[in-house]
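Okay, so the sequence shown: first residue is 2 according to the numbering used here, each after it adds one. Yeah, the Cβ is synthetic: ideal placement off N, Cα and C, and Gly gets one too.
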Amino acid sequence: MKNERRYKILPLVLRNSGEYFKKAKGWGFMEQGIAVLRALSFTAGIIATQQLFDAIANINTGEQDFWQIAFHLGVLAIIIFGQQLLSGVGQYLFSKVSYTNMGMFMKEFQRKLGRVAVKNFEDKNFLNNVNKAKECLEYESLGHFASVCLQIFTYYLVFFVSVGGYLFMLSPILPLVILIAFIPALLGQLAQVKVFANLEEENAPLRRKCEYYKKTIADRAYYKETRMLGGFKYFHSLFDKTLKDITEKTWKAESKAAILRLKLNTVSFLGLGASIIILFNAIMKGDISIGAFVSVFVALSQIFSIMDEIVSGHLSEGSETLGQVANYYRMMDMTEVGGENGDPDFSKGIAAKNISFTYPGRDKPTLDNIGFTINDGETIAIVGENGSGKSTLVRLLIGLYTPDDGTVEIGGRDTKTTHPNNIYKGISGVFQNYQRYKMTLEENVVISDTKSPLNIDKIHLSLQESEFNEDVANLDTMLSPEFDGIDLSGGQWQRLAIARGLYRTSNFIVLDEPTAAIDPIEEARLYDQFRRLTKNKCAIVVTHRLGSVRLADRIVVMDNGEIVDIGIHDELLARKGKYAEMWKAQATWYENRTT
Ligand code: ATP
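Below, the structure written as structure tokens:
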């Protein structure tokens, strides 16, 4: 995301408008058609006002009778009624189209997120952009944007050209004076946009912090720790301070903008005054009728309110939305993961050839020039200290990340050139940060294999194999107090995660610290179970409990992003390297506690 693509305004607007019509189908054309009619109805109202007042003015001269005045009044009433009707229908269509479009934009965006490389999710800029795009979608900005851009032509332009033409006929200088009066307001708004854009830049990270502190205060996931440790007050004071910062910055920007607006509105007001003097002059000279004078008054108030709508509403929002829309398309244009189709042949095992990998935002590689193979049916244990790169290596070996250098071949298929769907098909796993889905027990298991037909017997079998006690919950028990259900203990959740991993049909299974929350006696039993379950599969077990690695055919020892040794337990102990050091440290720990 470093060299972010820049978008030009016009192509962006055209692209967004094209999608608007495509997504909204006929409704989009209808909305814009109504906008044209609304604009024309205003001009019609102004002309009808002139005719009505001219008729009233001429009543004394006997040129107009009562019925003619009633007729003009009727026409004006119909036009006003029509304006209200069109405005209601316009509003309805605006909401309908932008709401429908928002849903579709959202769907496309989520589909996109499922198709970009997983490595992006480790990139802070990418995550920031995802958040911004989500906000822009939730606030319907993307759905609104095209609508408003198109209305510049179908509503505002039609209105100004038709009213401007009418004013020009009355006095050629009038439209020019109004336009000049409008310029300071426009400039003021542009300056204001800058003030608020800077404010947004400063406030956005503060708001994110505020959101986070709010969570730490009120969220269920935090409250036990924050109450116990007295963190509530601490987070509350942080929240308070950040909120004060935001308010102070906003207040300063608001005051600056208000003073600017006041100065420039004074100039606009003078412009309005000049228009009235021109009109007064024209009426005194008999160049325009009384009806024209009144109708221009009506027109002036409408022109200034529509100009205000454009300048204060659309222009100030538009510049912000433009950035959001560009961000959305930047994300939508990201390269998707792709590759050839073809199933891995797991009898060929898994091979890592000189692989290196660096996380986004890191200077140093997390994995440096690593190579080893897992043969058909072999179970490998990966051990090493915290941060030595075990989980990262696992993510590369299952094709979740692709290496920056070197290749990973899963069942003979290169993870860089094969479509990930083919790679993932035969792989299952239990990961360190497994999810606790707020769903039923059954859903929590089958989520690993939703494409296959539901197999209730297999669900029970997986739960038995992971030694999950089904007396605690039935398959249809909701596992979340938030949704009227129950919660499980840490160990029960972990067994459930194991059951999920076992439920998925696989030829290659990864167990990344699958038993960290399970007590040692149960853990030993579970590892025996794993040995049986992984017998004919390629398998990787990542663990810190060296007592459990004996189930593996070979042990890979990692240190500081490199493989420092590979072998079986006795060999590794005899070599007196990193493994022996770790083994001794753990053995001493147990001995000290048993003596
Ligand atoms: P543990 O035993 O603690 O689970 P590990 O051996 O599995 O550790 P990894 O999680 O692979 O280690 O992490 C290896 C290194 O990569 C660590 O230094 C870690 O800080 C870094 N790292 C992990 N994830 C990211 C990330 N998303 N962005 C940047 N660096 C990361």
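### Query
Measuring CA to CA, which of N475, G324, E444, Q495 is closest to V431?
Counting from one through the sequence shown, the residue named residue 431 turns up at place 430. Closest by alpha carbon: Q495.
### Task
Round the Cβ separation of V384 and Y580 to the nearest angstrom and send it over; I've been treating them as touching at under 8 Å.
Position 383 of the sequence shown, counted from the first residue, corresponds to residue 384. Position 579 of the sequence shown, counted from the first residue, corresponds to residue 580. Correct: roughly 7 Å between the Cβ atoms.
### V557 burial status per 10 Å Cβ neighbour count (16 or more: buried)
The count along the sequence shown starts at 1 and reaches residue 557 at position 556. Answer is buried; the Cβ neighbour count reaches 16.
### Environment of K452 [buried if 16+ CB atoms lie within 10 Å]
Taking the sequence shown and counting its residues from 1, the one referred to as residue 452 is at position 451. Answer is exposed; the Cβ neighbour count stays below 16.
### Closer than 7 Å: S392 CB and nearest the ligand ATP heavy atom
Stepping through the sequence shown from its first residue, residue 392 is reached at position 391. With a cutoff of 7 Å, S392 counts as near the ligand ATP, since its C-beta is closer than that to a heavy atom of the ligand.
### Task
Using only the heavy atoms of the ligand ATP, determine whether one of them is closer than 7 Å to the beta carbon of N387.
For the purposes of this step, residue 387 is taken as the residue at position 386 of the sequence shown. Taking non-hydrogen atoms of the ligand ATP into account, the C-beta of N387 is found less than 7 Å away from one of them.
### Contact set for T516: own chain, Cβ-Cβ below 6 Å, skip 5 residues either direction
In the sequence shown, residue 516 corresponds to position 515, counting from 1. Around T516: E524, L527.
#### Entry: Per-residue DSSP class, three states only, for G104
Taking the sequence shown and counting its residues from 1, one reaches residue 104 at position 103. Shown here, G104 sits in a helix according to DSSP, grouped into three states.
#### Entry: R1 versus I351, L512, E310, L397, residue with shortest Cα-Cα distance
This structure does not reach residue 1, given that the chain is present from 2 up to 596, and the question cannot be answered.
### Message
For Y97 and V162, what's the separation of their Cα atoms in angstroms?
### Response
One-based indexing of the sequence shown puts residue 97 at position 96. One-based indexing of the sequence shown puts residue 162 at position 161. It should be pointed out that residue 97 corresponds to Lys in this sequence rather than to Tyr. The straight-line gap from Cα to Cα measures roughly 28 Å.
### Cβ neighbour criterion (16 or more within 10 Å) applied to S302
For the purposes of this step, residue 302 is taken as residue 301 along the sequence shown, with counting starting at 1. S302 comes out exposed.
### Query
Hey, I510 and S429 are a contact pair by Cβ (cut 8 Å); roughly how many whole angstroms apart?
On the sequence shown, position 509 is the one that residue 510 refers to. On the sequence shown, position 428 is the one that residue 429 refers to. Rounded to whole angstroms, the Cβ separation of I510 and S429 is 5 Å, and the two are in contact under 8 Å.
### Task
Name, in chain order, the residues that DSSP records as bridge partners for G232.
In the sequence shown, residue 232 corresponds to position 231, counting from 1. Paired residue(s): none; G232 is not in a bridge.
### Query
Given V196, which residues of its chain have a CB within under 7 Å of its CB, disregarding the five upstream and five downstream residues?
Here the question's residue 196 lines up with position 195 in the sequence shown. Within the same chain, V196 has close Cβ partners A254, K257, A258.
### Message
Applying the 10 Å Cβ sphere with the 16-neighbour rule, what's the burial state of A586?
### Response
Position 585 of the sequence shown, counted from the first residue, corresponds to residue 586. Here A586 is exposed, its C-beta having fewer than 16 other C-beta atoms within 10 Å.
### Task
Spell out the partners DSSP gives D597 in its beta bridges.
Shown here, the chain extends from 2 to 596; a query on residue 597 therefore has no answer.
### Message
On the criterion of 16 or more Cβ atoms from any shown chain inside 10 Å, does N423 qualify as buried, or is it exposed?
### Response
Here residue 423 corresponds to residue number 422 of the sequence shown, with the count starting at 1. Counting Cβ neighbours within 10 Å, N423 comes out buried, since at least 16 surround it.
#### Entry: Alpha-carbon to alpha-carbon, G492 and E471
In the sequence shown, counting from the first residue as 1, residue 471 sits at position 470. In the sequence shown, counting from the first residue as 1, residue 492 sits at position 491. Roughly 14 Å between the two C-alpha positions.
#### Entry: Short Cβ contact (8 Å threshold) for F82 with T322
Sequence index remark: in the sequence shown, residue 82 carries index 81 (1-based). Sequence index remark: in the sequence shown, residue 322 carries index 321 (1-based). No, Cβ-Cβ distance for F82 and T322 is not below 8 Å.
### Query
For I10, does the three-state DSSP call read helix, strand or coil?
Position 9 of the sequence shown, counted from the first residue, corresponds to residue 10. Note: I10 maps to helix in three-state DSSP.
### Message
Assuming contact is defined by CB atoms lying nearer than 8 Å, are N17 and V295 in contact in what I supplied?
### Response
By one-based count along the sequence shown, residue 17 stands at place 16. By one-based count along the sequence shown, residue 295 stands at place 294. Cβ atoms of N17 and V295: not closer than 8 Å.
### Query
Within 7 Å: the Cβ of G362 and any heavy atom of the ligand ATP?
By 1-based counting over the sequence shown, the position of residue 362 is 361. Yes - the ligand ATP has a heavy atom lying nearer than 7 Å to the Cβ of G362.
#### Entry: Closer than 7 Å: T516 CB and nearest the ligand ATP heavy atom
On the sequence shown, position 515 is the one that residue 516 refers to. No, since every heavy atom of the ligand ATP falls outside the 7 Å radius drawn around the Cβ of T516.
### Query
Which full runs of the beta strand (DSSP E) of 3+ residues lie inside the stretch 310 to 381, going along the chain?
Taking only runs of at least 3 residues, the beta strand (DSSP E) segments lying wholly in the stretch 310 to 381 are 351 to 358, 368 to 375.
### Candidates K538, L397, T359, T535: closest to T416 by CA position
Walking along the sequence shown from the start, residue 416 turns up at place 415. Shortest Cα-Cα distance from T416 to any of K538, L397, T359, T535 involves L397.
#### Entry: For H570 and G400, the rounded distance between their alpha carbons
Counted from its first residue, the sequence shown places residue 400 at position 399. Counted from its first residue, the sequence shown places residue 570 at position 569. Those two C-alpha atoms are separated by around 28 Å.
### Task
Within its chain, find whatever has a CB closer than 8 Å to the CB of T597; leave out the 5 residues flanking it on each side and keep chain order.
Residue 597 lies beyond the range of the chain shown here (2 to 596); nothing can be said about it.
### Query
Beta carbon of Q587: closer than 7 Å to some heavy atom of the ligand ATP?
For the purposes of this step, residue 587 is taken as the residue at position 586 of the sequence shown. False, no ligand heavy atom lies under 7 Å from that Cβ.
### Contact belief for A500 with S463 at Cβ below 8 Å, rounded distance in angstroms
Start at 1 with the first residue of the sequence shown, and residue 500 comes out as number 499. Start at 1 with the first residue of the sequence shown, and residue 463 comes out as number 462. Between S463 and A500 the Cβ distance is about 4 Å, and since that is below 8 Å, they are a contact.
### Message
Mapping the DSSP letters down to three states, classify F432 as helix, strand or coil.
### Response
Walking along the sequence shown from the start, residue 432 turns up at place 431. Three-state result, F432: coil.
### Query
Straight-line CA distance for L143 to G272?
Position 142 of the sequence shown, counted from the first residue, corresponds to residue 143. Position 271 of the sequence shown, counted from the first residue, corresponds to residue 272. Roughly 36 Å separates the two Cα atoms.
### Task
Could you pull the start and end residues of the beta strand (DSSP E) that A540 belongs to?
For the purposes of this step, residue 540 is taken as residue 539 along the sequence shown, with counting starting at 1. Unbroken beta strand (DSSP E) run through A540: 539 to 543.
### Message
Taking the alpha carbon of I177 as the reference point, which residue from V164, G189, D369 has its own alpha carbon closest?
### Response
As a first step, residue 177 must be located in the sequence shown, where it is residue number 176. A small correction: the amino acid at residue 177 is Leu; Ile does not occupy that position in the sequence shown. The option with the nearest alpha carbon to L177 is V164.
### Query
Are D560 and R576 touching if we call contact CB-CB under 8 Å?
Indexing the sequence shown from 1 puts residue 560 at position 559. Indexing the sequence shown from 1 puts residue 576 at position 575. Their beta carbons are not under 8 Å apart, which means D560 does not touch R576 by this criterion.
### Message
Is Q495 a contact residue of the ligand ATP, with contact defined as CB to any heavy atom under 7 Å?
### Response
Position 494 of the sequence shown, counted from the first residue, corresponds to residue 495. The answer is no for Q495.
### Query
Does at least one heavy atom of the ligand ATP sit under 7 Å from the Cβ of T367?
Along the sequence shown, read from residue 1 onward, the residue named residue 367 stands at position 366. Within the cutoff, so yes.
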